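A short write-up of the structure that comes next.
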Amino acid sequence: MLKAKSVAKVAITAGLAFGLIAAGASTAQAEPNPAGFRTYAAVGSDTIQDLYNAFGNGYGTNAAVAGTIASYDAFGTSTTIKTSATGPSYTRPAGSGDGRKALSAAYDSANHVWKTVTLSEADVKIARSSGKPSAANTVTATSTDNKLTSIPLARDAVGVATKGIASSVTNLSTEQLTAIYGGGASGTASATGNYRQSATRFSVGDVVRTTSNTSADPVIVTGVTANGAAVSASVQLNPKLPQDSSGTRSFFLGAVGASAQATWVDSGSNTFQENNATVLSTTGDVIPFSAAQYISQKNGVVADSGVSTINLPSINGAKAANLTPAGVASAGALYGDLTVPATGPFNREVYSVVPTALLASDASLNTLVTTTLPRAAAPIQAFGFQVLQYNNAGVAGTTGYIYSKFEH
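Residues 2 to 409 (the numbering used here) make up the sequence shown, in order.
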């Protein structure tokens with residue numbers, strides 16, 4: 002359940018005077034609550050599922066919205082879901098990519114198969130996505146291949162969560178993250194997977210590997226001797242990644258340019274559920290983490306996976322989340338300028354993805370995803386996101402929209 006005390010803390014942080022709808026709407030369920038099929042079933046991203054759950058429960062919107070949206074979590078006690086009265090049970094779409102693929106299966110007359118099950122237009126109406134479609138799938142608005150429209154919903158930032166090294170690593174640069182995740186040459190005297198600031202000596206902040214073997218975990222140098230040798234207190238890191246269909250994973254790897262990540266991240270360390278602090282179990286563990294998810298968990302608005310046991314270093318000097326002395330979290334400078342589309346590399350829009358043809362034919366859905374939800378400031382901020390200003394001036398606009406092909 003949403004907790005009144007927790008939401009009050011968020012209200013203070015955000016400068017808003019909002020509370021619970023009907024004494025508290027549950028957002029911590031894998032399926033819509035109360036159960037029942039609704040007009041618009043939403044699947045996909047783990048990052049924005051709690052916000053969509055809140056929309057579906059009428060928190061910060063209204064009863065009409067609550068009665069139309071059914072949001073299904075990316076992960077749940079059951080691996081299958083049933084989203085329409087006449088449709089089949091099918092594998093739960095786990096992540097942004099899976100959400101877009103399930104939506105495509107529902108609407109692509111040439112291929113209605115999701116996994117091994119045939120879907121229809123009654124089964125999925127919205128894909129929650131924390132990432133953009135690939136460049137290969139992106140098209141223009143006028144293209145005959147314009148089948149899906151990604152509509153900006155809110156702003157998030159993506160940092161990295163670390164375990165047990167808060168005092169040693171308080172800030173990470175793009176160059177350091179690129180080296181940690183094996184993205185290639187970086188720095189003055191560098192080799193693949195290393196970041197060296199000097200050709201002749203070690204420097205604090207260098208990222209190096211103990212051997213030339215690409216599977217060796219990286220070390221961040223936290224101290225050097227007078228002659229430039231790294232001290233023994235340097236921090237060993239174990240980079241991890243969310244599961245493959247995660248929008249957070251694809252966004253982060255794009256931000257750091259780590260296209261070679263498959264050879265650098267240890268086998269078994271690249272399939273984790275995203276935004277879950279429990280996957281950081283050992284000192285030196287590092288994984289991409291949504292700032293919005295960290296904030297909402299830290300403030301107790303959604304179930305806390307243990308974020309008090311992890312740390313979010315600043316990225317290039319910008320904090321992903323600010324913390325008050327009382328421990329209340331709010332969006333930090335890493336979120337960037339909200340008056341323009343995200344310019345990154347570590348802030349991003351999260352999207353409601355709908356079939357382009359349906360957006361044109363269903364006026365209620367159009368209003369819902371283009372106007373009602375992006376302007377629902379209370380839940381957006383309560384769940385750690387920021388309201389976009391470039392499409393929030395009281396007039397319709399398509400700034401930041403992305404058009405793409407069906408995905409399978």
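In this text, a Cβ means the ideal position worked out from N, Cα and C, and glycines have one as well. All of these numbers come straight from a predicted model, not from anything done at the bench.
| Query | Result |
| --- | --- |
| Would you report the Cα separation of Val-222 and Ile-166, rounded to the nearest angstrom? | 12 Å |
| Going by the DSSP bridge assignment, what does Ile-403 pair with across the sheet? | Ser-151 |
| Going by DSSP, name the residue or residues bridged to Ala-330. | Leu-324 |
| Assign Leu-389 to one of three DSSP states: helix, strand, or coil. | coil |
| Have a look at Thr-117 and Ala-106 and give me their C-alpha separation to the nearest angstrom. | 11 Å |
| Would you check if the distance between the CB atom of Arg-202 and the CB atom of Asn-228 is smaller than 9 Å? | yes |
| Between which two residues does the alpha helix (DSSP H) harbouring Lys-299 extend? | 292-299 |
| Report back the beta-carbon spacing between Val-370 and Ile-152 to the nearest angstrom; my notes put them in contact at under 8 Å. | 5 Å |
| Determine, using beta-carbon pairs with one atom in the segment 291-301 and one in the segment 142-151, whether at least three such pairs fall under 8 Å. | no |
| Does the segment 238-250 touch the segment 120-140, meaning 3 or more C-beta pairs lie closer than 8 Å? | yes |
| Taking DSSP as the reference, what is the three-state secondary structure of Phe-252? | helix |
| Taking all protein chains shown into account, decide if Val-114 is buried (16 or more other Cβ within 10 angstroms of its Cβ) or exposed. | exposed |
| Measure the alpha-carbon distance for Thr-92 versus Ile-82 and round it to whole angstroms. | 6 Å |
| Which residues mark the beginning and the end of the alpha helix (DSSP H) in which Asn-54 is found? | 50-57 |
| Contact check, Ile-410 vs Arg-39 under 8 Å by CB: the rounded distance? | Outside the shown range of the chain, which is 2 to 409, sits residue 410, and nothing can be said about it. |
| Note down, in chain order, each residue of its chain lying with its Cβ closer than 6 Å to the Cβ of Ala-378, except the 5 sequence neighbours on either side. | Val-388 |
| Please list, in chain order, all residues of the same chain as Thr-87 whose beta carbon is under 7 Å from its beta carbon, the five residues on each side excluded. | Ala-123 |
| Whose C-beta lies closer than 6 Å to the C-beta of Thr-279 among residues of the same chain, with five residues either side of it excluded? | Ser-306 and Gly-307 |
| With a CB to CB cut of under 6 Å and the five nearest residues on each side skipped, what residues in its chain are close to Leu-1? | Missing from the structure shown is residue 1; the chain here goes from 2 to 409 and no further. |
| Which two residues bound the contiguous alpha helix (DSSP H) that contains Lys-102? | 97-108 |
| Alpha carbon to alpha carbon, what distance is there between Gly-318 and Ser-72? | 36 Å |
| By alpha-carbon positions, which one of Leu-254, Gly-255 and Pro-243 ends up nearest to Asn-277? | Pro-243 |
| Along the chain, which unbroken stretches of the beta strand (DSSP E) at least 3 residues long are found entirely within the segment 302-381? | 322-324, 330-332 and 348-356 |
| Tell me where the alpha helix (DSSP H) around Thr-414 begins and ends. | Coverage of the chain is limited to positions 2 through 409, which leaves residue 414 absent and any answer about it impossible. |
| Give the secondary structure of Thr-78 by DSSP, where H, G and I count as helix, E and B as strand, and everything else as coil. | coil |
| Taking the beta carbon of Val-232 as the centre, do at least 16 other beta carbons fall within 10 Å, making it buried, or is it exposed? | exposed |
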